[in-house]
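Chemist:
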Amino acid sequence: MREKEGRVYTDEVLRVLPAIDPASPLAKEWKVRGRTLTRLVQHLQQLPPQQKILDLGCGNGWMSHHFSHLPGAEVTGMDLNTAELQQARRVFADCENLQFLEKNIFEPQASTFDVVCIGGAVQYFPDLSKLVGRLRELLSENGEIHIYDSPFYREAERPAAKARSVAYYEKMGFPALAGCYFQPSIQEMERLGGEILYQPNTFFRRFRRKALQEVDSPFIWWRLRKS
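The structure is reproduced here in structure tokens:
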């Protein structure tokens with residue numbers, strides 16, 4: 110599926126992401142991800158140094174790699190995609206403070222984390238409340254969870270969003286994958302204590318994206334704390 114979407118990259122391309130050839134069909138998407146990365150790193154730089162960071166759903170590890178440049182950081186990328194993790198270990202082998210684990214987050218973990226980041230991956234978890242509860246178990250006392258680059262929906266919007274996902278996977282030739290793609294709820298995230306650090310749907314930001322063609326994230330950036 111990822112190969113058909115054009116999301117399998119050479120080692121050379123991966124090494125410099127989110128920078129990418131402007132002629133790439135995914136150039137706009139990577140520019141958006143670059144904006145997200147900049148905001149997130151600026152926030153993490155305000156936290157005490159030597160953070161233990163978990164990048165959950167890290168994929169090929171491009172963002173984990175950038176986190177590893179934070180002062181004193183110890184970074185763990187975690188995913189279930191064997192091929193992408195193998196590439197991540199190969200490409201970023203020179204980063205001594207960065208490790209990649211092929212592991213389910215609900216399995217026993219060896220340590221707690223000061224920061225848990227989930228970029229573009231929360232929609233692959235069927236139970237948002239269960240996921241957040243598990244991540245809170247893994248947080249240090251003053252830890253933070255950051256969820257970004259994923260679509261969230263009002264309850265009334267979710268059925269139509271589900272139908273669009275089913276149609277997309279059928280079009281791509283992988284209809285069974287629609288059962289692994291979920292539509293997380295804004296209301297549920299609010300009930301779980303989610304705090305919005307970036308709101309794309311203000312009048313000003315929507316105007317800049319649509320009228321001025323500004324490239325920026327259309328997704329909410331959420332922060333949750335341990336309790």
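Under our numbering, think of the first position of the sequence shown as 110, with each following residue one higher. From the three backbone atoms N, C-alpha and C, an ideal C-beta is built for every residue, glycine too.
Which residues does DSSP list as the beta-bridge partners of residue 225?
Modeler: Looking up residue 225 in the sequence shown gives position 116. Note: residue 225 sits in a beta bridge opposite 163, 254.
Chemist: Can you tell me the Cα-Cα spacing of residue 261 and residue 329, whole angstroms?
Modeler: Position 152 of the sequence shown, counting from 1, holds the residue named residue 261. Position 220 of the sequence shown, counting from 1, holds the residue named residue 329. About 7 angstroms.
Chemist: So which of 265, 298, 121, 144 has the shortest CA-CA distance to residue 199?
Modeler: One-based indexing of the sequence shown puts residue 199 at position 90. That would be 121, whose Cα lies nearest to the Cα of residue 199.
Chemist: Of all the options 245, 311, 148, 282, which has the alpha carbon lying nearest to the alpha carbon of residue 215?
Modeler: By one-based count along the sequence shown, residue 215 stands at place 106. Closest by alpha carbon: 245.
Chemist: Is it true that the CB of residue 127 sits closer than 8 angstroms to the CB of residue 143?
Modeler: The count along the sequence shown starts at 1 and reaches residue 143 at position 34. The count along the sequence shown starts at 1 and reaches residue 127 at position 18. Yes, the pair counts as a contact, with Cβ atoms nearer than the cut-off.
Chemist: Specify, as a first and last residue, the run of the alpha helix (DSSP H) that residue 146 falls within.
Modeler: Position 37 of the sequence shown, counted from the start, is the residue given in the question as residue 146. Start and end: 136-153.
Chemist: Sorted by chain position, which residues of the same chain lie with C-beta nearer than 6 angstroms to residue 248's C-beta, five sequence neighbours on each side aside?
Modeler: The residue you call residue 248 lines up with position 139 of the sequence shown. Cβ neighbours of residue 248 beyond the five flanking positions: 335.
Chemist: Determine the DSSP secondary structure at residue 333, reduced to helix, strand or coil.
Modeler: As a working note, residue 333 is residue 224 in the sequence shown. Three-state DSSP puts residue 333 in a strand.
Chemist: With a Cβ-Cβ cutoff of 8 angstroms, do residue 223 and residue 161 count as a contact?
Modeler: In the sequence shown, counting from the first residue as 1, residue 223 sits at position 114. In the sequence shown, counting from the first residue as 1, residue 161 sits at position 52. Judged by beta-carbon spacing, residue 161 lies within the 8 angstroms limit of residue 223, meaning their Cβ atoms are closer than that value.
Chemist: Let me know the secondary structure DSSP gives residue 305 once reduced to three states.
Modeler: Taking the sequence shown and counting its residues from 1, the one referred to as residue 305 is at position 196. In this structure, residue 305 counts as strand in the three-state DSSP scheme.
Chemist: For residue 94, collect the residues of the same chain with a Cβ closer than 6 angstroms to its Cβ; drop the 5 residues on either side in sequence, then sort them by chain order.
Modeler: Nothing can be reported for residue 94, as the shown portion of the chain is limited to 110 through 336.
Chemist: Work out the CA separation of residue 315 and residue 136 for me, nearest whole Å.
Modeler: Walking along the sequence shown from the start, residue 136 turns up at place 27. Walking along the sequence shown from the start, residue 315 turns up at place 206. Whole-angstrom Cα-Cα distance: 20 angstroms.
Chemist: Would residue 191 be called buried (16 or more neighbouring beta carbons within 10 Å of its own) or exposed?
Modeler: Sequence index remark: in the sequence shown, residue 191 carries index 82 (1-based). By the neighbour-count rule (16 or more Cβ atoms within 10 Å), residue 191 is not buried but exposed.
Chemist: Residue 123 and residue 218: beta carbons closer than 8 angstroms?
Modeler: Translated into the one-based positions of the sequence shown, residue 123 becomes position 14. Translated into the one-based positions of the sequence shown, residue 218 becomes position 109. Not closer than 8 angstroms, so no.
Chemist: Since residue 187 and residue 156 should fall inside the 8 angstroms C-beta cutoff, what is the C-beta to C-beta distance between them, to a whole number of angstroms?
Modeler: Position 78 of the sequence shown holds residue 187. Position 47 of the sequence shown holds residue 156. Rounded, the Cβ-Cβ distance is 20 angstroms, inconsistent with contact.
Chemist: Excluding the 5 residues preceding and the 5 following residue 303 in the sequence, name in chain order all residues of the same chain whose CB lies nearer than 6 angstroms to its CB.
Modeler: Within the sequence shown, residue 303 is the residue found at index 194, counting from 1. Excluding sequence neighbours, residue 303 sits near 331, 333.
Chemist: Rounded to whole angstroms, how far is the Cβ of residue 225 from the Cβ of residue 163, which I believe are closer than 8 angstroms?
Modeler: Start at 1 with the first residue of the sequence shown, and residue 225 comes out as number 116. Start at 1 with the first residue of the sequence shown, and residue 163 comes out as number 54. With 8 angstroms as the limit, residue 225 and residue 163 qualify as a contact, their Cβ atoms being about 5 angstroms apart.
Chemist: Using 8 angstroms for Cβ pairs, my map puts residue 181 next to residue 159. What's the rounded Cβ distance?
Modeler: Residue mapping note: residue 181 aligns to position 72 of the sequence shown, counting from 1. Residue mapping note: residue 159 aligns to position 50 of the sequence shown, counting from 1. Yes, they are in contact, since the Cβ atoms of residue 181 and residue 159 sit about 3 angstroms apart, within 8 angstroms.
Chemist: Whole-angstrom Cβ separation of residue 175 and residue 146, contact assumed at under 8 angstroms?
Modeler: Locating residue 175 in the sequence shown gives position 66, counting from the first residue. Locating residue 146 in the sequence shown gives position 37, counting from the first residue. Confirmed, Cβ separation roughly 6 angstroms.
Chemist: What is the DSSP secondary structure of residue 170, counted as helix, strand or coil?
Modeler: By one-based count along the sequence shown, residue 170 stands at place 61. Coil.
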